[in-house]
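*Asks:* Sending over a structure as structure tokens; questions will come in a sec.
Number of protein chains: 2
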Amino acid sequence: MIRVLIADDQDLVRGGLAALLGLEPDIEVVAEVARGDEVLASVAAHRPDVVLLDIEMPGLSGLEVAERLTGVRVVIVTTFGRPGYLRRALDAGVAGFVVKDAPAAELAAAVRRVTAGERVVDPKLAVTALTVGASPLTTRECDVLRAADGGASVADIARSLFLTEGTVRNYLSSAIGKTGARNRAAAVSTARSRGWL
Amino acid sequence: MIRVLIADDQDLVRGGLAALLGLEPDIEVVAEVARGDEVLASVAAHRPDVVLLDIEMPGLSGLEVAERLTGVRVVIVTTFGRPGYLRRALDAGVAGFVVKDAPAAELAAAVRRVTAGERVVDPKLAVTALTVGASPLTTRECDVLRAADGGASVADIARSLFLTEGTVRNYLSSAIGKTGARNRAAAVSTARSRGWL
DNA sequence: CCGCCGGTATGACATTCGTCATCCCGGCCG
DNA sequence: CGGCCGGGATGACGAATGTCATACCGGCGG
Chain A
1 MIRVLIADDQ DLVRGGLAAL LGLEPDIEVV AEVARGDEVL ASVAAHRPDV
51 VLLDIEMPGL SGLEVAERLT GVRVVIVTTF GRPGYLRRAL DAGVAGFVVK
101 DAPAAELAAA VRRVTAGERV VDPKLAVTAL TVGASPLTTR ECDVLRAADG
151 GASVADIARS LFLTEGTVRN YLSSAIGKTG ARNRAAAVST ARSRGWL
Chain B
1 MIRVLIADDQ DLVRGGLAAL LGLEPDIEVV AEVARGDEVL ASVAAHRPDV
51 VLLDIEMPGL SGLEVAERLT GVRVVIVTTF GRPGYLRRAL DAGVAGFVVK
101 DAPAAELAAA VRRVTAGERV VDPKLAVTAL TVGASPLTTR ECDVLRAADG
151 GASVADIARS LFLTEGTVRN YLSSAIGKTG ARNRAAAVST ARSRGWL
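From first to last, the protein sequence lines are chains A and B.
Residue numbering for the first sequence follows the UniProt record's numbering, beginning at 1 and increasing consecutively.
Residue numbering for the second sequence follows the UniProt record's numbering, beginning at 1 and increasing consecutively.
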């Protein structure tokens with residue numbers, strides 16, 4: 001019996017995945033959590049063989065959780081097949097990476113394969129991740145781009161990061177250049193779609 | 001036996017919902033589709049009692065599908081509890097509106113209740129929808145905001161909508177005013193979060 | 001029939017952005 | 001030890017953006 005823990009913030013989705021895996025005779029869902037920061041305690045309590053992690057969760061992101069988890073196989077299950085996400089997931093040592101628009105049958109298969117010691121990654125995604133490459137953005141450029149999301153002005157960003165307006169402009173300019181965008185909004189959009197933020 | 005059709009573009013989620021409802025003795029999932037524009041044909045073919053519609057799907061959005069569907073009860077199942085979505089859904093005559101972070105048990109309950117002729121809407125969401133109010137944006141203002149998403153310049157927007165740059169600036173200015181934002185990016189963000197786009 | 005609203009357009013104006021050059025500092029690598 | 005890179009800052013300049021007043025047209029409600 002493969003013991004599985006599921007972490008996803010959307011009740012309906014989490015319940016759905018549990019129901020899906022519950023249909024498999026050799027898989028048992030031993031716990032479900034809705035927040036990233038509850039995963040570690042639950043893993044300690046239930047000792048699952050495999051942990052399914054959504055990336056976007058309150059508390060801690062799935063990627064952050066994956067970095068902290070040891071002694072258990074991790075499969076990232078996410079809506080967004082962003083190259084940067086895959087890269088960070090692999091850096092964090094996950095055993096599998098499945099996107100939510102993959103065929104439903106693939107989930108159970110992935111769980112079995114990582115249990116058997118294999119690494120499960122969508123080949124198409126892997127190619128894209130290699131093609132797009134790693135993030136060229138520095139830490140601060142990321143910070144500034146994140147702060148710029150939602151339409152904050154240079155002054156707003158400067159205040160929220162305790163920087164001078166001029167410095168913020170420099171970082172934005174640099175990030176715009178690196179993303180090949182023509183303004184901050186496009187830069188944010190590009191960086192986000194690549195999983196760089 | 002309540003016959004249900006599920007429309008959601010993410011295989012894993014759709015499969016999950018199907019598995020979840022499959023556990024109920026009085027509910028039968030008779031069809032699944034992944035695109036909005038496949039729903040009508042599938043409804044004609046399978047004659048379900050209830051149709052579960054995700055909003056964000058390729059082809060047609062769940063809201064557009066709901067407007068076109070007659071003779072069947074519709075439940076919107078969406079990630080985003082945006083007031084504007086709920087409003088448009090109710091205008092389209094749906095019988096239920098469930099957000100994906102609702103408890104899993106609520107889905108089957110919602111299906112049963114709409115079958116019994118009830119209308120199922122999250123009370124909190126209903127309050128927010130009434131509080132926030134309907135969209136103050138005109139059609140063109142929406143168009144321009146949508147086109148502005150992703151960081152397009154005034155010139156880009158003008159080209160894509162066959163307008164003068166000055167006119168685009170006017171619409172943007174007006175939309176920025178109506179959303180209480182301080183620039184176009186914030187306006188897009190606000191309008192989107194309210195479901196006005 | 002007149003007025004208002006939405007769509008479209010023009011021109012002028014102040015403000016914000018994006019770019020560039022240049023500077024300082026502290027690590028880290030060769 | 002001497003670069004080089006990343007973080008941080010300043011000032012200047014041109015381009016893009018946001019605001020406002022004004023105008024014309026077509027439809028719809030009073």
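Each residue gets a CB set at the ideal place from its N, CA and C atoms; glycine is no exception.
Is any beta-carbon of chain B found at less than 9 Å from that of A/R14?
*Replies:* So, interface residue.
*Asks:* With 9 Å set as the bound, which would you pick, yes or no: does the beta-carbon of A/P123 sit closer than that to a beta-carbon of chain B?
*Replies:* No, its Cβ sits nowhere closer than 9 Å to a Cβ of chain B.
*Asks:* Leaving out five residues on either side along the sequence, give the residues of the same chain with a beta carbon under 6 Å from the beta carbon of A/A34.
*Replies:* Taken in chain order, the residues that qualify are D9.
*Asks:* For B/G151, name the three-state secondary structure that DSSP assigns.
*Replies:* Reduced to three states, the DSSP call for B/G151 is coil.
*Asks:* Touching or not, the region 34 to 44 of chain B and the region 76 to 95 of chain B, by the rule of three or more beta carbon pairs under 8 Å?
*Replies:* Counting Cβ pairs under 8 Å, fewer than three are found: no touch.
*Asks:* Anything in chain A within Cβ reach of B/L20, meaning under 7 Å, just list it in chain order.
*Replies:* Simply G15, G16 and A19.
*Asks:* Quick check on residue 229 of chain A: buried or exposed, where buried means 16 or more other Cβ atoms within 10 Å of its Cβ?
*Replies:* Because chain A spans 1 through 197 in this model, residue 229 of chain A falls outside it and cannot be assessed.
*Asks:* Between the Cα of B/V94 and those of B/E32, B/G195 and B/G71, spot the shortest distance and give me the residue it belongs to.
*Replies:* Among B/E32, B/G195 and B/G71, the Cα nearest to that of B/V94 is on B/G71.
*Asks:* Measure from the alpha carbon of B/P136 to the alpha carbon of each residue in B/D49, B/E106 and B/R194, then state which is nearest.
*Replies:* Among B/D49, B/E106 and B/R194, the Cα nearest to that of B/P136 is on B/R194.
*Asks:* Give a yes or no on whether the C-beta atoms belonging to B/G96 and B/V120 are separated by under 9 Å.
*Replies:* Yes, these two residues count as a Cβ contact at 9 Å.
*Asks:* Looking at C-alpha atoms only, which residue of B/A19, B/G133 and B/D11 is the closest neighbour of B/A108?
*Replies:* The shortest Cα separation from B/A108 among B/A19, B/G133 and B/D11 belongs to B/A19.
*Asks:* Using only the alpha-carbon positions, how far apart do A/G62 and B/V188 sit?
*Replies:* Cα to Cα, the separation comes out at about 28 Å.
*Asks:* For the putative contact between A/R73 and A/V50, defined by C-beta atoms under 8 Å, what is the C-beta separation to the nearest angstrom?
*Replies:* About 5 Å; that satisfies the 8 Å criterion.
*Asks:* Pull up the CB-CB distance for B/P58 and B/V30, whole angstroms please, since I reckon it's below 8 Å.
*Replies:* Not really, about 22 Å apart at Cβ, beyond 8 Å.
*Asks:* Please report whether the beta-carbon of B/R47 lies at a distance below 9 Å from any beta-carbon of chain A.
*Replies:* It does not: the Cβ of B/R47 has no partner Cβ on chain A nearer than 9 Å.
*Asks:* Output yes or no for whether 9 Å exceeds the beta carbon distance between B/D101 and A/L12.
*Replies:* Yes, these two residues count as a Cβ contact at 9 Å.
*Asks:* Note down the Cα distance separating A/A186 from A/T179, rounded to an integer number of angstroms.
*Replies:* For A/A186 and A/T179, the distance between alpha carbons rounds to 9 Å.
*Asks:* Starting from the beta carbon of B/A104, find every residue of chain A whose beta carbon is closer than 7 Å, and list them in chain order.
*Replies:* Those within 7 Å of B/A104 in chain A are D11, L12 and G15.
*Asks:* Which residues share a DSSP beta bridge with A/G71?
*Replies:* None; A/G71 has no bridge partner.
*Asks:* Whole angstroms is fine: what's the gap from A/I2's alpha carbon to A/D26's?
*Replies:* The straight-line gap from Cα to Cα measures roughly 6 Å.
*Asks:* Residues in the region 36 to 68 of chain B with C-beta within 9 Å of chain A's C-beta atoms, listed in sequence order?
*Replies:* Cβ contacts with chain A: none found.
*Asks:* Taking the C-alpha atoms as reference points, what is the distance between B/V111 and A/F80?
*Replies:* Roughly 29 Å between the two C-alpha positions.
*Asks:* Check this for me: beta carbons of B/G16 and A/G16, under 9 Å apart or not?
*Replies:* Cβ atoms of B/G16 and A/G16: closer than 9 Å.
*Asks:* Run down chain A in chain order and give the residues with a C-beta less than 8 Å from the C-beta of B/R182.
*Replies:* Under the 8 Å cutoff, chain A gives G151 and S153.
*Asks:* Using DSSP bridges, identify the partner residues of B/T78.
*Replies:* Bridge partners of B/T78: B/V99.
*Asks:* Express the C-alpha separation of A/R113 and B/E32 in angstroms, rounding to a whole number.
*Replies:* Roughly 27 Å separates the two Cα atoms.
*Asks:* Taking the continuous alpha helix (DSSP H) assigned at A/I176, which residues delimit it?
*Replies:* It spans E165 to T179 - the alpha helix (DSSP H) in which A/I176 sits, taken as one unbroken run.
*Asks:* Give me whichever residues DSSP pairs with B/E32 in a beta bridge.
*Replies:* In the DSSP output, where bridge partners are listed per residue, B/E32 has B/I6.
*Asks:* Let me make sure I understand the geometry here. Which of A/E141, A/V75 and A/A155 has the alpha-carbon closest to that of A/G117?
*Replies:* Selected option, being the one with the closest Cα: A/V75.
*Asks:* Please list the terminal residues of the continuous beta strand (DSSP E) segment that includes A/L60.
*Replies:* No beta strand (DSSP E) contains A/L60, which DSSP labels as neither H nor E.
*Asks:* Assign B/T164 to one of two classes, buried (16 or more other C-beta atoms within 10 Å of its C-beta) or exposed (fewer than that).
*Replies:* It counts as exposed.
*Asks:* Go to B/L23, then tell me how far its alpha helix (DSSP H) extends in each direction, as first and last residue.
*Replies:* It is not in any alpha helix (DSSP H) - B/L23 carries neither H nor E in the DSSP assignment.
*Asks:* Of all the options A/L69, A/L161, A/A191 and A/F162, which has the alpha carbon lying nearest to the alpha carbon of A/S174?
*Replies:* Cα-wise, what sits closest to A/S174 is A/A191.
*Asks:* Among all the DSSP beta bridges, which residues are the ones paired with B/L52?
*Replies:* Note: B/L52 sits in a beta bridge opposite B/I6 and B/V75.
*Asks:* Can B/L172 and B/R184 be called in contact, C-beta distance under 9 Å?
*Replies:* In contact: B/L172 and B/R184 (Cβ atoms closer than 9 Å).
*Asks:* Give me the residue from A/P123, A/L197 and A/V132 with the minimum Cα distance to A/A148.
*Replies:* Per the Cα distances, A/L197.
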